[in-house]
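K.L.:
In the numbering used here, the protein residues as written are 19 to 226.
(1) Please classify residue 61: does DSSP put it in a helix, a strand, or coil?
(2) At what residues does the beta strand (DSSP E) containing residue 166 begin and finish?
(3) Is residue 58 closer than 9 Å to residue 37 when the C-beta atoms are compared?
(4) Taking contact to mean at least 3 C-beta pairs separated by less than 8 Å, is the stretch 137-147 in contact with the stretch 66-78?
(5) Which of the three DSSP states is assigned to residue 36 in this structure?
(6) Quick check: the stretch 194-207 against the stretch 172-185, are at least 3 beta-carbon pairs closer than 8 Å?
(7) By the three-class DSSP mapping on this structure, what secondary structure does residue 126 have?
(8) For residue 88, which option in 61, 134, 80 has the closest C-alpha, if you only look at C-alpha atoms?
(9) Checking 9 Å against the spacing of the C-beta atoms, do residue 187 and residue 193 come in under that value?
(10) How far does the alpha helix (DSSP H) with residue 197 in it extend, from its first residue to its last?
(11) Excluding the five sequence neighbours on either side, which residues of its own chain have a C-beta within less than 7 Å of the C-beta of residue 79, listed in chain order?
(12) State the beta-bridge partners of residue 51 as determined by DSSP.
(13) How far does the beta strand (DSSP E) with residue 25 in it extend, from its first residue to its last?
(14) Quick check: the stretch 97-110 against the stretch 62-69, are there 3 or more CB pairs under 8 Å?
(15) To the nearest angstrom, report how far apart residue 165 and residue 211 are at their CA atoms.
(16) I'd like to confirm the pairing. Which residues does DSSP put opposite residue 212 in its beta bridges?
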């Protein structure tokens, strides 16, 4: 029997119950995968509490989580790009990654190359895609650009600081404590700013 963290009512972390959860055969266009790692995101706390951000939350009982890595166990009718044994990953809904195994739309899955670690991919996929969008699509960051990263010591902030440095950009990053300033600096943030001690506006103006 498949097990999952099931939410029977919305609320705090203690509403999640580790229990048996039935898993049907994959429907047409779906893949069944067994997770080897799942991502935990801040948005999961919204979903657990019933806040439909950034995606709608089904009514309980529900399994949350939208990021995972696993091994394909079977495929539904019409699926030709994946086969049992493939390593795959996903980073968008439908929700349901807080489970040992699940069914997931094949057209939203990615094949994983052998040189990528399961846990790293599960932790970085959604944030990495967002960072790529910000650094390349929202604005194409160039060497010498100065960019402001809020929450620079958080999951997204750490990726942005490292990636921006690799692109030759200069980062000013806001953090909440001196300890987090050191974390951000170690990840490549050039000018960490502790919000309670310093104005990030003043620092940006000074650097630019």
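Positions of the beta carbon are idealized from the N, C-alpha and C atoms, including for glycine.
P.N.:
According to the data block:
(1) helix
(2) 164-167
(3) Their beta carbons are not under 9 Å apart, which means residue 37 does not touch residue 58 by this criterion.
(4) no
(5) strand
(6) yes
(7) helix
(8) 134
(9) no
(10) Where residue 197 is concerned, the enclosing alpha helix (DSSP H) stretches over 196-204.
(11) 24, 25, 26
(12) 90, 120
(13) That run of the beta strand (DSSP E) goes 21-25.
(14) no
(15) 13 Å
(16) Beta bridge pairing from DSSP links residue 212 with 193.
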